[in-house]
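Taking it in order: structure first as structure tokens, then the write-up.
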Amino acid sequence: MAPNPPLTETETLLIEAYTRILSEPFEDKYEDRWQDEPFDRAVDEFKAKAQEIGFPDPFELLSRFKIDSYETIRAQLKKGPPPCFRPGWRSPLLGQRIDPMEVISRCKHMSGPEYRGGYRIVVFEFWACWCDPCVQAGPELSDLAEEFAGRVAMIGVNNESIFGETKEPNLPLLHEFLSENRDGFRHTTYVDNAEGYAKETVYKPSGYRGIPCVIMLVDGVVIYVGSHQETFRPTLEQALEAIESGMAREY
21 MAPNPPLTET ETLLIEAYTR ILSEPFEDKY EDRWQDEPFD RAVDEFKAKA
71 QEIGFPDPFE LLSRFKIDSY ETIRAQLKKG PPPCFRPGWR SPLLGQRIDP
121 MEVISRCKHM SGPEYRGGYR IVVFEFWACW CDPCVQAGPE LSDLAEEFAG
171 RVAMIGVNNE SIFGETKEPN LPLLHEFLSE NRDGFRHTTY VDNAEGYAKE
221 TVYKPSGYRG IPCVIMLVDG VVIYVGSHQE TFRPTLEQAL EAIESGMARE
271 Y
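So the mapping is simple: the working numbering equals the position in the sequence shown, first residue as 1, plus 20.
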């Protein structure tokens with residue numbers, strides 16, 4: 021299963037216009053801060069821009085991203101982002117203990133080195149084949165795994181039904197994806213079991229509602245939950261520094 025083809029130049033222009041006109045200006049205008057009139061003006065501006073770019077019907081492209089109408093956009097913006105994407109959010113999993121071997125023992129190894137324990141820093145990354153940001157993150161996480169080899173265990177946990185009812189893992193699909201993307205997905209990869217053990221005991225309790233989702237443990241204690249971007253690398257480097265300098269640190 022190959023990732024979606026890259027956007028063309030005109031498609032990129034449309035996505036940039038959507039972000040600039042219909043998304044970013046309203047990111048903090050949800051709930052009681054919402055007003056319809058500014059959004060209606062933005063819709064008119066975006067329609068004109070889309071026509072100029074060459075998209076009389078911009079939803080021919082936007083529907084690929086599950087955006088099917090202006091009312092869908094309005095409703096989502098008015099509702100606002102999930103709590104985990106709002107300023108000041110802290111995962112309820114921070115400070116909790118997780119046994120990495122217990123999680124891994126319920127999953128099936130798919131590619132990369134098998135995890136056999138012995139690491140003070142373990143990073144779980146929850147992802148799915150259909151998730152474009154996950155596909156883009158794979159090579160970045162593989163690079164990190166190689167950069168910190170022997171010091172950090174980077175473990176991808178695939179679950180294709182992470183947002184819905186848990187289903188039996190589609191092993192042929194995942195085998196095909198990893199075979200076609202072997203150069204990018206070089207780090208350790210497991211697939212969650214039919215009961216969604218990793219999803220139910222680690223991902224869902226974290227409170228984070230996006231993928232890829234990174235959950236980092238130091239000595240079995242959760243110290244980071246969130247995107248593989250943001251403050252993930254600085255947090256990882258600080259943890260390594262504390263461990264390798266012998267400094268005591270509370271997580």
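For glycine and all other residues, C-beta sits at the position ideal for the given N, C-alpha and C.
{"Item": "For V177 and C127, believed in contact at Cβ under 8 Å, the rounded distance", "Value": "6 Å"}
{"Item": "The beta strand (DSSP E) enclosing C233, as first and last residue numbers", "Value": "233-238"}
{"Item": "Unbroken beta strand (DSSP E) run spanning I243, endpoints", "Value": "241-246"}
{"Item": "Those residues which DSSP pairs with F79 across a bridge", "Value": "Answer by DSSP bridge pairing: none, since F79 is not bridged."}
{"Item": "Residue(s) in a DSSP beta bridge with R117", "Value": "V241"}
{"Item": "In DSSP terms, what W147 is bridged to", "Value": "N178"}
{"Item": "A22 versus E180: straight-line alpha-carbon distance, rounded", "Value": "Its pLDDT being 49, under 50, A22 is placed unreliably by the model, and the measurement read from it follows with that caveat. Looking at the two C-alpha atoms, the distance is approximately 15 Å."}
{"Item": "heavy atom of the ligand ZN below 7 Å from A214 C-beta", "Value": "Ligands are entirely absent from the displayed structure, and the ligand ZN is therefore not among its contents."}
{"Item": "Run of the alpha helix (DSSP H) containing S199, from where it starts to where it stops", "Value": "191-200"}
{"Item": "Candidates W109, V63, L27, of which the one nearest G246 by Cα", "Value": "W109"}
{"Item": "P101 versus E47, P232, F197, residue with shortest Cα-Cα distance", "Value": "E47"}
{"Item": "CA nearest to the CA of K49, picked from Q96, H129, E72", "Value": "Q96"}
{"Item": "Per-residue DSSP class, three states only, for Y35", "Value": "Strictly speaking, residue 35 in this sequence is Ile, with Tyr absent from that position. Here I35 sits in helix by DSSP."}
{"Item": "Identity of the residue in G230, L114, E134, V172 nearest R106 by Cα", "Value": "G230"}
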